[in-house]
Structures are given as structure tokens and as C-alpha cells.
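J.: Heads up: the sequence shown runs through residues 231 to 579, numbered per our numbering.
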Amino acid sequence: MKELLDELPDGVVVVGADAVIRLMNSAAERLTGWLRADAIGRSFGDVMPLMDAAGFLVHEREGAFAPPLRMTSGTPERDYLLKHADGTERWVAVRASYERDSRGRLDQIVVSLRDIGRRRRLERARADLVATVAHEIRSPLTSVKGFTSTLLHRWDRFSDEQKRVMLETVNHDADRVTRLLTDLLDVSRLEAGRLELRRQEIDVASISTEVVARLRKRDEAGEHVLETLFPDEFPVLLADPGKIEQVITNLTENAIKYAAPGRVLISGTDMGEYALLRISDEGDGIDPRHLPHIFTKFYRRGAGERHSGTGLGLYICKGIVEAHGGHIWVERSGPEGTTFAFTLPKEAA
Ligand code: ADP
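1. Does DSSP put residue 439 in a helix, a strand or coil?
2. Go through its chain and collect everything with a Cβ distance to residue 330's Cβ below 7 Å, but skip five positions before and after it.
3. What three-state label does DSSP hand residue 303 in the structure shown?
4. In or out: residue 264 buried (at least 16 other Cβ within 10 Å) or exposed?
5. Taking the continuous alpha helix (DSSP H) assigned at residue 396, which residues delimit it?
6. Please classify residue 362: does DSSP put it in a helix, a strand, or coil?
7. May I have the straight-line CA-CA distance separating residue 241 from residue 529, to the nearest angstrom?
8. Contact check, residue 455 vs residue 493 under 8 Å by CB: the rounded distance?
9. Are there 16 or more other CB atoms within 10 angstroms of the CB of residue 421, so buried, or fewer, so exposed?
10. Excluding the five sequence neighbours on either side, which residues of its own chain have a C-beta within less than 8 Å of the C-beta of residue 533, listed in chain order?
11. Is the distance from the Cβ of residue 428 to the Cβ of residue 390 below 9 Å?
12. Here's a check: name, in chain order, each residue in its chain whose Cβ is nearer than 7 Å to the Cβ of residue 401, leaving out the five neighbours to either side.
13. Between residue 466 and residue 432, how many whole angstroms is the CB-CB distance? I'm expecting something under 8 Å.
14. Ligand 1 and residue 485: does the residue's C-beta get closer than 8 Å to at least one heavy atom of that ligand?
15. Could you tell me which of 575, 576, 561 sits nearest to residue 569, measuring between CA atoms?
16. What does a CB cutoff of less than 7 Å around residue 407 pick up in its chain, not counting 5 residues either side in sequence?
17. Are the beta-carbon atoms belonging to residue 505 and residue 498 less than 9 Å from one another?
18. Mapping the DSSP letters down to three states, classify residue 248 as helix, strand or coil.
19. Which of the three DSSP states is assigned to residue 524 in this structure?
20. If contacts are defined as beta-carbon pairs under 8 Å, then residue 271 and residue 251 qualify, I think. What distance do you get, rounded to the angstrom?
21. Which whole-angstrom value describes the C-beta separation of residue 269 and residue 238, a residue pair presumed to lie in contact below a C-beta threshold of 8 Å?
22. Going by other Cβ atoms of all chains shown within 10 Å of its Cβ, with 16 needed for buried, is residue 365 buried or exposed?
23. Which full runs of the beta strand (DSSP E) of 3+ residues lie inside the segment 254-341, going along the chain?
24. By the DSSP assignment, the beta strand (DSSP E) with residue 573 in it spans what residues?
25. Taking all protein chains shown into account, do 16 or more other C-beta atoms lie within 10 angstroms of the C-beta of residue 301, making it buried, or fewer, making it exposed?
26. Judging by CA-CA distance, which residue of 333, 291, 259 is the nearest neighbour of residue 344?
Here you go:
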């Protein structure tokens with residue numbers, strides 16, 4: 231029986247009606263950080279302090295070890311914060327079942343504990359996403375609303391030139407909201423493995439030139455000098471033009487956003503079996519501590535950023551490149567600047 235209990239992935243702790251621990255399995259040892267030799271004979275509250283969401287300790291609650299009704303056979307599963315012997319805390323889902331003697335008196339309680347740290351982290355990430363996205367959408371929408379209502383109410387007071395500037399801002403901010411929503415849809419498609427590629431023959435060199443022209447036209451390059459460099463005989467690739475454009479745009483926008491003003495170069499090299507694309511800037515580089523995480527969803531450099539963003543850009547780039555059978559990585563990053571590189575296989579063409 232004991233061996234069987236030790237095979238279980240969930241922690242099991244048997245507690246007497248006097249709140250003293252009678253038995254625990256290996257999973258419970260791992261979750262609490264107590265060896266059963268030390269834990270057995272001690273009080274439940276010492277070994278596994280469980281706190282509910284309101285901050286109350288379960289074992290201190292009145293009647294915690296005296297189920298109110300004789301018929302009650304147990305408690306439904308609830309989430310608690312468990313304090314590990316090393317002082318750290320983790321979320322566990324806890325369920326108790328009451329065992330009674332022949333006269334119906336409580337004999338012991340079998341408590342099962344399931345580690346739900348992963349589920350909790352996912353829930354947290356989701357809540358964070360909602361907060362970030364709401365924040366990112368609110369600022370362009372505020373400006374759209376502000377300028378349109380100003381124009382509607384005071385149309386005659388502005389010169390054509392002023393109206394034009396306001397409408398350009400509205401137009402630009404509306405595009406920003408659309409891009410954000412497209413990003414979000416891409417993320418959910420990537421996660422469901424439903425990113426659809428409309429492959430056709432594409433010319434990455436002209437896509438890159440268009441990206442540069444568009445960023446310049448929207449006045450988004452700032453003091454950066456955007457350039458492209460492709461050999462005359464650059465291969466035609468079979469890929470989704472919209473998605474590849476999105477990757478190049480994203481990497482170029484990041485270079486503009488995060489690198490100090492300088493040259494931003496989009497270049498292509500024919501590597502035989504695949505094409506290699508690079509986007510390099512002359513910024514300060516990415517802190518090596520952040521490098522392993524930048525392609526992760528929602529990852530942004532530190533809090534209190536001066537640049538807005540959701541941390542979705544590179545995650546989406548990676549998803550798109552990999553869906554095409556390519557790879558994406560940081561080729562170089564240091565005081566001389568950063569180079570992002572990605573490959574697109576040719577054989578499909
Ligand atoms: P976002 O731009 O929304 O923060 P990304 O996924 O596009 O999200 O980028 C993740 C992080 O990687 C950024 O927050 C930034 O710190 C870093 N980063 C990306 N590109 C560069 C770059 N060219 N130079 C320096 N840091 C960069």
C-alpha cells in the first residue's frame with residue numbers, strides 16, 4: 231500500500247482527527263520539503279501550512295479538523311498556497327476525504343495535494359496579456375477618439391493643414407490598433423497550430439524595399455538610415471508574402487525602436503539550400519541575460535519600459551519563420567549592434 235502511494239504523482243497526507251500527521255507519500259515529501267520520518271507525529275499546520283486566497287491558514291480555522299456534519303465525506307478541490315520547508319510558496323489544489331469509524335466519528339483525513347504551479351503561471355500570463363493588450367489598445371484609441379471629436383465639434387476653426395495632420399494621426403493610430411489585433415490573432419493561431427501559409431513565389435528583395443519605403447513614408451524611421459542589400463541573382467522563394475513582410479517589418483521596427491540611431495540594414499544571402507536574411511542595427515545590443523528569452527511570448531526587457539510593446543513581436547516572427555521550415559536567431563549582439571538572422575528553405579520552390 232505504501233509503495234503504491236509512493237508511485238502516485240499527487241501528494242497524499244493522512245492526518246488524524248487530532249491534526250497529527252500519520253502518513254505521507256514521496257510526492258508529499260517533495261511538495262512540502264519534509265522527510266516523512268520528521269513529519270509523522272507532527273501537527274499538520276507545522277508541516278504543511280496551507281493558506282487560502284484571503285490569507286487565512288487552513289489549520290487555524292475553527293473546525294478545520296472536525297467536519298460539521300456526520301454525512302460529509304470530504305471537501306471539493308480548492309486552491310491553496312503551500313509553504314515549502316525552504317520558505318518558498320507554491321500553489322496546490324487540495325482535496326480532503328474524511329474516514330470514520332463504525333460509529334461515524336472522524337478517524338482520519340486523507341488529504342491529497344496536486345501541484346498547480348504551471349496552471350497558475352498560465353493563468354497569470356493570460357491575465358497579464360489582457361492587461362498589456364488593453365493598455366496598448368487604449369492609447370491609440372484615446373487619440374483616435376480625441377482627434378475625431380475635436381474635428382467634429384470645431385471643424386471650422388482649423389486650417390486644412392491642421393485637419394490633415396490630425397487625420398494622419400488618426401489614420402496611423404487606427405493602423406496601430408489593427409496591427410495589434412492581427413498580432414493577437416496570429417498568437418492564438420500559432421498556439422492552436424493553425425497558422426495558415428499562402429505560399430507563392432516571392433521576391434524577398436522587393437518585399438524588403440517596400441518595407442523600407444513604407445516605414446520612411448510613415449515617418450517611422452526617425453534618425454535611422456534604412457538600407458537593403460541583396461545580390462542581383464537572389465533566389466525566388468516559395469513563401470507567404472504577407473507573413474514574410476510581417477517578419478521583416480517587425481525586425482526592422484525593433485531595430486528602429488531599440489537601437490540608437492544609425493544604419494539599419496536588411497540583407498539577403500543565397501546559401502545554396504536556403505536563403506539567409508539579416509536585419510542588423512548599430513544599437514547597444516541586447517543584454518546577454520535577456521538573450522535566451524527574447525523569442526518567448528510576452529518577453530520584454532525589464533519593466534517600466536520607455537518603449538511601448540507587448541513582447542509578442544519576436545514570438546510571432548519565430549512562429550512564422552518556423553512554419554516556413556526556417557530558423558531565426560540572434561547572430562550577433564554587442565556594443566556594435568545587433569543582427570537578427572533567419573533562414574527560408576529553397577527546396578520547396
Ligand atoms: P516588444 O517589441 O513588443 O517588446 P519583441 O518580441 O519584438 O517585443 O521584442 C522583445 C524584446 O527584445 C524587446 O522588448 C527588446 O528589449 C528586445 N529587442 C528586440 N529587438 C532588439 C534590437 N534590435 N536591439 C535591442 N533590443 C531588442
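Beta carbons are placed, not taken as given, at the ideal position from N, Cα and C, and that holds for glycine. Note that this is a predicted model, so its numbers are computed, not measured.
T.: Looking at the coordinates:
1. Looking up residue 439 in the sequence shown gives position 209. Residue 439 falls in the helix class under three-state DSSP.
2. Along the sequence shown, one-based indexing puts residue 330 at 100. So the qualifying residues of the chain are 336, 337.
3. Counting from 1 along the sequence shown, the entry for residue 303 is found at position 73. Annotated three-state conformation of residue 303 is coil, per DSSP.
4. Here residue 264 corresponds to residue number 34 of the sequence shown, with the count starting at 1. Buried: at least 16 other Cβ atoms inside 10 Å.
5. Stepping through the sequence shown from its first residue, residue 396 is reached at position 166. Residues 390-422.
6. For the purposes of this step, residue 362 is taken as residue 132 along the sequence shown, with counting starting at 1. It is helical.
7. Within the sequence shown, the letter at position 11 stands for residue 241. Within the sequence shown, the letter at position 299 stands for residue 529. Residue 241 and residue 529 have their C-alpha atoms some 33 Å from each other.
8. For the purposes of this step, residue 455 is identified with residue 225 of the sequence shown, where counting begins at 1. For the purposes of this step, residue 493 is identified with residue 263 of the sequence shown, where counting begins at 1. About 5 Å separates the two Cβ atoms, so the contact holds.
9. As a working note, residue 421 is residue 191 in the sequence shown. Under this definition residue 421 is an exposed residue.
10. Here residue 533 corresponds to residue number 303 of the sequence shown, with the count starting at 1. Legend: pLDDT at residue 533 = 46, less than 50; position of this residue unreliable, no value from coordinates given.
11. The residue you call residue 428 lines up with position 198 of the sequence shown. The residue you call residue 390 lines up with position 160 of the sequence shown. No.
12. Position 171 of the sequence shown, counting from 1, holds the residue named residue 401. Answer for residue 401: no residue qualifies.
13. Mapped onto the sequence shown, residue 466 falls at position 236. Mapped onto the sequence shown, residue 432 falls at position 202. Contact holds; Cβ gap of about 7 Å.
14. Position 255 of the sequence shown holds residue 485. Within the cutoff, so yes.
15. Here residue 569 refers to the residue found at position 339 of the sequence shown. Distance check between residue 569 and each of 575, 576, 561 places 561 closest, using alpha-carbon atoms only.
16. The sequence position of residue 407 within the sequence shown is 177, counting from 1. These residues qualify, in order along the chain: 367, 370, 371.
17. Numbered from its first residue, the sequence shown carries residue 505 at position 275. Numbered from its first residue, the sequence shown carries residue 498 at position 268. Contact flag set, yes.
18. For the purposes of this step, residue 248 is taken as residue 18 along the sequence shown, with counting starting at 1. Residue 248 falls in the coil class under three-state DSSP.
19. As a first step, residue 524 is located in the sequence shown; it is residue number 294 there, counting from the start. Correct three-state label for residue 524: coil.
20. Mapped onto the sequence shown, residue 271 falls at position 41. Mapped onto the sequence shown, residue 251 falls at position 21. The Cβ separation is near 7 Å, so the contact holds.
21. As a working mapping, residue 269 is identified with position 39 in the sequence shown. As a working mapping, residue 238 is identified with position 8 in the sequence shown. At roughly 17 Å, the Cβ-Cβ gap does not stay under 8 Å, so residue 269 and residue 238 are not in contact.
22. Against the sequence shown, residue 365 aligns to sequence position 135. Exposed is the call here.
23. 304-313, 319-330
24. Sequence index remark: in the sequence shown, residue 573 carries index 343 (1-based). Segment 567-575, the beta strand (DSSP E) holding residue 573.
25. Here residue 301 is taken as the residue at index 71 of the sequence shown, counted from 1. Exposed: under 16 other Cβ atoms inside 10 Å.
26. In the sequence shown, counting from the first residue as 1, residue 344 sits at position 114. Residue 344 has its Cα closest to that of 259, out of 333, 291, 259.
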